Amino acid sequence: MSIAGPGQGDDRTVATIRFEDLDLADVVERVLAGAELERAEAHAILNCPDQRLAELLAATLRVREAAFGRRVKVCILRNAQSGICPEDCSYCSQSRISRAEIPVYKMQSVEELCEGARMAVASGARRYCMVCSMRGPGAREIEHLAAACERIRSEYPTLELCLSLGLMSEEQARRLKQAGAGWINHNLNTSRRFYPEICTTHTWDDRVRTIENVRAAGLSVCSGGIIGMGESDDDVIDLAYATRRVGAESVPVNFLHPIAGTPLEHAARLTPERCLKAACLFRLLNPRSEVRAAGGRELNLGTRQADIFNAVNSIFVNGYLTTAGWGIGATRELIEGAGFEVEVEPSAAT
Ligand code: SF4
């Protein structure tokens, strides 16, 4: 897999373009034709003046609608193992350096994981993602999760199954695919350059290797990142290009929710406008991928949550591992109030 190019920060010195000088109709046409944004255009989009944001959202909506119409896919996370991770990711409440007060427990039973799937389906979710706080799984964990996947798959043949288990070999990914998993989540989180600022126990390249293993095993890749950890515009842009380069079919965009007890608890707050511009950038660089609004959307978007659907076609409900979030009722109202619709299984559509 080659991720060389603009996404790797090797051409950060570029001519600048002001947002006002972008021809947005032309940008949309080129993106829909498969062309990659110029890096200067990516800068202009991320630095769109707030008073011009409506134009950027309208242009991004055209790209979003071309692949996904007005549909919004609902996803639910399951914290399958919580709070005992040996890694030191500075944004994470479950890391070994976190002092956050969170539930701590070992891997949930197969039955508990199946019950989580039933609750996800009852909440209208089309994708269920089991997440374990760990550096990476061992053989026992893989077999346990494979058993859960097989049970869930037999109960819900069309529920999309995703797992997030840290660093993983191709062989492990193959076993999960055989058991019925369709996606592995492994976020790149930020740029390669900024990665050592947020984690020292593994590298950005380690993460890319896991993505390569997942791809080689024939699974789909879910990989995005977190905005608001103190990174620069170039880091956000590098990350957005990297998600395109790895061909992520699913791109979760998280907006940092600073958690007391973590090194980033006092990180500067994002504005809703910054979050929306970043989401537009990820969409314009990943026109046919599922782009998701993930952790921190309620906190950081505030009253502008509905605007995010111009860029994303998917959203999480019922919270994010150790932070609370909106349930399906409020989220459905948000989706429908903005003129979008909750995606249902094709067989359930009338
Ligand atoms: S590897 Fe995952 S669970 Fe562990 S500290 Fe990093 S983000 Fe948290």
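When we follow the numbering used here, the leftmost residue of the sequence shown carries the number 315, and every step to the right adds one.
Don't be surprised by glycine CBs; every beta carbon is placed ideally from N, CA and C.
Being a predicted model, the structure only gives us computed values, none of them experimental.
Beta-carbon within less than 8 Å of residue i's beta-carbon, same chain only, minus the 5 sequence neighbours each way: which residues are those?
i	result
Pro451	Leu459, Leu479, Gly480, Met482 and Gln486
Leu648	Gln619, Ala620 and Trp640
Phe333	Ala358, Ile359, Asn361, Cys362, Pro363, Arg366 and Leu370
Shortest alpha-carbon distance to residue i belongs to which of the options?
i	options	result
Glu579	Asp364, Ser404, Arg332 and Gly397	Ser404
Glu352	Phe569, Glu650 and Tyr555	Tyr555
Pro601	Glu379, Arg489 and Val656	Glu379
Gly561	Asp548, Val522 and Gly542	Val522
Glu613	Pro586, Asp520 and Leu595	Sequence check: residue 613 is Leu here, not Glu. The shortest C-alpha separation from Leu613 is found at Pro586.
Arg441	Glu415, Arg392 and Ala462	Arg392
Arg558	Arg529, Leu595 and Leu599	Leu599
Ser564	Phe654, Arg432 and Gly496	Gly496
Asp337	Ala349, Ala368, Ala373 and Glu350	Ala373
Phe596	Met433, Gly397, Ile622 and Glu659	Ile622
Which same chain residues end up closer than 6 Å to residue i when comparing Cβ atoms and leaving out the 5 residues on each side of it in sequence?
i	result
Gly539	Asn501, Leu502, Asn503, Thr504 and Leu553
Asn632	Ile390 and Gly641
Pro676	Because the chain is modelled from 315 through 664, residue 676 falls outside the range shown and cannot be assessed.
Val528	Ala487, Ile498 and Val535
Measure the CB-CB distance between residue i and residue j and report whether it falls below 8 Å.
i	j	result
Val377	Val424	no
Ala581	Gly544	yes
Ser407	Thr515	no
Cys476	Ala394	no
Glu650	Asn627	no
Asn624	Leu346	no
Arg454	Glu401	no
Cys399	Arg413	no
Cys536	Asn499	yes
So, for residue i: in the same chain, excluding its five sequence neighbours on each side, which residues have a beta-carbon less than 7 Å away from its beta-carbon?
i	result
Val435	Tyr470 and Leu473
Arg465	Val424 and Cys428
Thr330	Ala354 and His357
Arg489	Ile456 and Ala460
What is the DSSP secondary structure of residue i, reduced to helix, strand or coil?
i	result
Met482	coil
Ile398	coil
Ile456	helix
Val565	strand
Asn600	coil
Gly319	Since pLDDT at Gly319 reaches only 46, below the 50 mark, its modelled position is unreliable, and no value is offered.
Lys591	helix
Gly496	coil
Ala531	coil
Glu657	coil
Ala362	One detail in the question is off: residue 362 reads as Cys in this sequence, not Ala. It is coil, neither helix nor strand.
Ile624	Correcting the residue identity first, residue 624 is Asn in this sequence and not Ile. In this structure, Asn624 counts as helix in the three-state DSSP scheme.
Glu650	helix
Thr637	strand
Tyr405	coil
Phe508	coil
Ile292	The structure shown does not extend to residue 292, since the chain is modelled only from 315 through 664, so no value can be given for it.
Review point. Listed in chain order, which residues are found with a beta carbon closer than 7 Å to a heavy atom of ligand 1?
Key: Cys399, Glu401, Asp402, Cys403, Cys406, Gln408, Ser409, Ser447, Met448, Arg449, Gly480 and Cys513
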